[in-house]
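**Q**
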Amino acid sequence: MIERTPILDFLTHALLVLSFVALLMPMWIVFVAATHDFHTVNQVPMPLLPGGHFFENLAAAWERGNFGRVMVNSLVVALGITGGKIVIAALSAFSIVYFRYRLRMLMFWLIFITLMLPLEVRIVPTYAVAADALRPFQGMLDFAGFSVDLPEWNLLNSYSGLILPLIATATGTFLYRQFFLTVPDELTEAAKMDGAGPIRFFLEVLMPLSKTNMAALATIMFVWSWNQYLWPLLVVTDHQNYATATMQLQKIVPGPLFGEPPVWNVAMAANLIVMFPPVLVTILLQRWFVRGLIQTDK
Amino acid sequence: MEKRATFSNLWLAAALIAPQMLLIFVFFYWPSGEALYWALTLEPPFGGDNEWVGLLNFRTVFEDPKYWNSVRISITFAFFATTLSLGVAAVLALFVDRRLPGHQVYKFTFFLPYALAAPAVGLAFRFIFSPDAGFVSAVNRFYPDLWNPALDGYDAFALVVMAQAWTMVGYNFIFFLAALQSIPRTVNEASAIDGAGVLRRMWDIQLPLIAPTLFFLIVINITDSFVNSFGIIDIISGGGPARATDLMVYKIYTDGFQGKDYSLAAAQSIVLMVLIVVLTFVQFRYIERRVHYS
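Going down the list, the sequences are from chains E and L. For reference, each letter of the first sequence is one residue, going 19 to 316 in the working numbering. For reference, each letter of the second sequence is one residue, going 188 to 481 in the working numbering.
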């Protein structure tokens with residue numbers, strides 16, 4: 019602090035405390051609503067202090083949303099996407115930085131351009147590909163005039179359908195590329211002189227060095243994959259077996275005009291269950307999360 | 188930047204990059220190409236190969252007032268959500284950066300909303316702002332029907348803007364704070380010695396110095412409001428009432444998967460793709476040049 023400004027300091031504190039309350043208020047209300055019974059939660063205005071029905075509501079929501087199964091699904095999918103992204107990003111960045119071939123820059127740009135094609139704008143055709151993953155190759159064969167019929171490989175209602183289309187990563191590749199470019203050449207030369215081939219160098223020199231990058235990327239990608247909503251909604255029709263946690267929220271929403279009176283206490287309990295894993299990860303791995311955010315997007 | 192020390196096994200290089208290339212070919216380039224093909228063709232009613240129709244689908248899209256409605260709504264939505272979240276985040280970051288006692292607490296909490304899934308935020312806001320239960324419904328006690336997002340388009344629109352802005356405040360806050368902390372303390376101290384007060388320094392020193400971050404965030408926020416808002420819209424309003432919150436991505440989804448009109452959805456996808464490419468281009472070219480770097 020440079021100067022003494024008691025009035026401004028007081029105003030600063032007031033502003034920050036107020037924003038703190040305002041920003042976290044929605045989460046508090048969700049929590050409070052999840053602790054009351056059906057009657058209390060529908061009162062106007064609703065109480066702002068927690069009641070005593072929290073575990074009851076959690077159990078009801080757990081039952082109704084089939085969370086025993088879908089939480090496992092979400093975990094498998096989120097870990098699958100995160101792991102896949104890290105491996106693929108590291109491998110392709112290694113190829114682009116540490117080998118010299120003519121198509122290198124073309125590859126780099128091909129990966130770069132995918133940044134401009136978010137899933138949401140190509141959902142319809144990507145869905146068609148997911149219904150038959152060999153479709154692009156069949157299309158190419160047809161175009162080239164071959165009358166070979168490839169078998170159909172349906173990704174709908176499967177873990178691979180939930181995971182594979184979301185693995186490719188431009189941001190992860192950049193992150194690794196930026197990092198590899200800062201690794202001193204002397205290290206590579208020394209490793210080569212000691213007789214290490216590229217794979218050995220990658221596994222025993224580059225990977226240990228990039229641990230912090232990996233942690234940052236993993237945290238942010240885990241949260242991102244857990245929160246995926248549109249893609250699982252399209253790929254999964256077998257809700258009993260393959261639904262993910264975020265998808266269940268749509269079922270818990272009451273109809274807009276007709277139907278049952280909204281059971282908000284259970285809905286908010288379900289919401290808490292869905293929110294819990296990513297919030298836990300971001301709180302525990304705060305440092306990595308923030309670092310990952312700032313590095314992957316810049 | 189180039190590496191001096193490289194490896195020469197080109198087969199290995201190809202094998203290393205192959206998985207990524209395969210994935211982006213199958214799930215990015217092929218579908219984007221197919222979107223273009225579908226946008227230029229129509230499926231005949233009784234089966235058979237698609238018929239080439241040129242720009243007919245685009246004409247159908249552009250002549251549809253519902254489409255222009257969704258374009259207008261997307262742009263208004265992007266404008267309000269971005270302005271609101273960037274404004275709040277900038278003010279918060281400036282004041283947290285004063286580093287008064289306790290400022291660490293805010294650093295750890297303000298970004299939490301960003302970790303939440305869009306549909307979860309949607310569900311929370313739908314309850315809090317529900318017209319007959321929850322938190323805000325109390326206003327209807329005093330003025331009946333003052334607030335009803337299920338029936339009033341403006342209310343519903345305001346609600347989705349707030350939900351979107353709320354998720355992005357934390358994200359923007361982190362970037363602003365990081366930018367502020369990278370400003371050398373000496374700059375701030377020098378202007379304090381010259382007699383500039385705290386607010387004057389924020390306005391004339393700190394804000395101009397974080398301008399690059401601001402412009403970067405504008406583009407990210409606009410793209411996010413086009414793309415990531417799907418979960419919020421789907422849970423809160425389903426595009427309604429009376430298409431008051433029918434954003435472009437949501438319309439593509441309903442036309443493509445509920446209306447089963449792939450050609451129409453594909454044509455809209457192409458338009459959105461072009462829009463996002465232009466935005467990204469603007470980010471890399473135009474804005475970078477006009478912003479004052481320290």
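For every residue, glycine included, the Cβ atom is placed at its ideal position computed from N, Cα and C.
1. Can you look up T228 of chain L in the DSSP assignment and give me helix, strand or coil?
2. Any idea what DSSP makes of W390 of chain L, helix, strand or coil?
3. Give me the Cα-Cα distance between S272 of chain L and T144 of chain E, rounded to the nearest whole angstrom.
4. Any chance the stretch 357-372 of chain L sits against the stretch 296-314 of chain L, with 3 or more Cβ pairs inside 8 Å?
5. Would you please verify whether the beta carbon of E170 of chain E is less than 8 Å from any beta carbon of chain L?
6. Could you tell me whether the Cβ of P274 of chain E comes closer than 8 Å to any Cβ of chain L?
7. Could you check how far apart the C-beta atoms of L36 of chain E and F297 of chain L are, in whole angstroms? I think they sit under 8 Å.
8. If you count every other CB in all the chains shown that lies within 10 Å of the CB of L109 of chain E, and 16 or more means buried, which is it?
9. Bridge partners for F318 of chain E per DSSP, in chain order?
10. Given a cut-off of 8 Å on the beta-carbon distance, is the pair D433 of chain L and N244 of chain L in contact?
11. List, in chain order, every chain L residue whose beta-carbon is nearer than 7 Å to that of L33 of chain E.
12. Should F316 of chain L and V323 of chain L be called a contact, given that it needs their Cβ atoms to be closer than 8 Å?
13. By the three-class DSSP mapping on this structure, what secondary structure does W171 of chain E have?
14. Are V292 of chain E and L267 of chain E close, meaning C-beta to C-beta below 8 Å?
15. For the candidate residues L:L451, L:Q470, L:F468, whose alpha-carbon lies nearest to that of V139 of chain E?
16. Anything in the stretch 234-258 of chain L with a Cβ closer than 8 Å to a Cβ of chain E? List those residues in chain order, please.
17. So with Cβ pairs under 8 Å, would you call K210 of chain E a contact of chain L?
18. Would W353 of chain L be called buried (16 or more neighbouring beta carbons within 10 Å of its own) or exposed?
19. Identify the residues that DSSP records as bridge partners of W239 of chain L: which are they?
20. Can you grab the Cα-Cα spacing for the pair P288 of chain L / M389 of chain L, in whole Å?
21. Looking at the structure shown, is D297 of chain L part of a helix, part of a strand, or coil, going by DSSP?
22. With a cut-off of 8 Å on the beta carbons, I'd call S92 of chain E and A263 of chain E a contact; round off their distance for me.
23. Which runs of the alpha helix (DSSP H) spanning at least 4 residues fall entirely within the stretch 114-202 of chain E, listed in chain order?
24. Using only the alpha-carbon positions, how far apart do A201 of chain L and G101 of chain E sit?
25. Could you check whether L224 of chain E and G310 of chain E sit closer than 8 Å to each other, using their CB atoms as the reference points?
26. Please state whether DSSP places F363 of chain L in a helix, a strand or coil.
27. Does the distance from the CB of T228 of chain L to the CB of E238 of chain L come in under 8 Å?
28. Considering only the beta carbon of each residue, do P183 of chain E and N245 of chain E sit closer than 8 Å?
29. Using a Cβ-Cβ cut-off of less than 8 Å, give me the residues of the stretch 432-451 of chain L that come near chain E, in sequence order.
30. To the nearest angstrom, how far is it from the Cα of T187 of chain E to the Cα of V464 of chain L?
31. How about I238 of chain E and F307 of chain E: are their beta carbons less than 8 Å apart?
32. Using beta carbons (cut-off 8 Å, strictly below), is F291 of chain L in contact with chain E?
33. Comparing the C-beta of L247 of chain E with each C-beta of chain L, is any distance below 8 Å?
34. Examine chain L for any beta-carbon lying closer than 8 Å to the beta-carbon of I106 of chain E, and answer yes or no.
35. Under a Cβ-count criterion, where at least 16 other Cβ atoms within 10 Å of its own Cβ denotes burial, should R313 of chain L be classed as buried or exposed?
36. Determine whether the beta carbon atoms of V142 of chain E and A379 of chain L lie at a separation below 8 Å.
**A** Judging by the given coordinates:
1. In this structure, DSSP gives T228 of chain L an extended state, which the three-state scheme calls strand.
2. Helix at W390 of chain L.
3. Between S272 of chain L and T144 of chain E, the alpha-carbon positions lie close to 32 Å from each other.
4. Contact between the stretch 357-372 of chain L and the stretch 296-314 of chain L is present, because at least three Cβ pairs lie under 8 Å.
5. Taking Cβ atoms only, chain L never reaches closer than 8 Å to E170 of chain E, which makes this a no.
6. The predicted model places P274 of chain E with a pLDDT of 48, which falls under 50 and marks its position as unreliable, so this point remains unresolved.
7. Contact doesn't hold; Cβ gap of about 13 Å is too wide.
8. That one is buried.
9. Missing from the structure shown is residue 318 of chain E; chain E here goes from 19 to 316 and no further.
10. Annotated as distal: D433 of chain L and N244 of chain L, with beta-carbon spacing of 8 Å or more.
11. The contacting residues are F282.
12. A contact, by the Cβ cut-off of 8 Å.
13. W171 of chain E: coil per DSSP, three-state reduction.
14. With contacts defined as CB atoms closer than 8 Å, V292 of chain E and L267 of chain E qualify as a contacting pair.
15. Looking only at L:L451, L:Q470, L:F468, the smallest Cα-Cα distance to V139 of chain E is reached by L:L451.
16. Here the close residues number zero.
17. With 8 Å as the cut-off, K210 of chain E counts as an interface residue toward chain L.
18. Classified as buried, W353 of chain L has 16 or more neighbouring CB atoms from the shown chains inside 10 Å of its CB.
19. Looking at the DSSP output, W239 of chain L bridges to L:T228.
20. So the two alpha carbons sit approximately 19 Å from each other.
21. Reading off the sequence, residue 297 of chain L comes out as Phe, not Asp. Here F297 of chain L sits in coil by DSSP.
22. The C-beta distance from S92 of chain E to A263 of chain E rounds to 4 Å, short enough to meet the 8 Å contact threshold.
23. Segments of the alpha helix (DSSP H) lying fully in the stretch 114-202 of chain E: 122-131, 141-149, 153-162, 177-181, 188-200.
24. The alpha-carbon atoms of A201 of chain L and G101 of chain E are separated by roughly 21 Å.
25. Not a contact, by the Cβ cut-off of 8 Å.
26. Secondary structure of F363 of chain L (DSSP, three-state): helix.
27. Yes, they are a contact pair.
28. Not in contact: P183 of chain E and N245 of chain E (Cβ atoms no closer than 8 Å).
29. Taken in chain order, the members of the stretch 432-451 of chain L whose beta-carbon sits within less than 8 Å of a beta-carbon on chain E are V436, I439, Y440, G443, F444, Y449.
30. Cα atoms of T187 of chain E and V464 of chain L: separation of roughly 17 Å, rounded to the nearest angstrom.
31. Yes, Cβ-Cβ distance for I238 of chain E and F307 of chain E is below 8 Å.
32. Going by the sequence as given, residue 291 of chain L is Gln instead of Phe. Interface annotation, Q291 of chain L: not in contact with chain E, CB-CB separation never under 8 Å.
33. Note on residue identity: the sequence assigns Tyr, not Leu, to residue 247 of chain E. Yes - at least one Cβ of chain L is within 8 Å of the one on Y247 of chain E.
34. Yes, contact with chain L.
35. R313 of chain L counts as buried, since at least 16 other C-beta atoms from the protein chains shown sit within 10 angstroms of its C-beta.
36. In this structure, A379 of chain L does not lie closer than 8 Å to V142 of chain E by Cβ.
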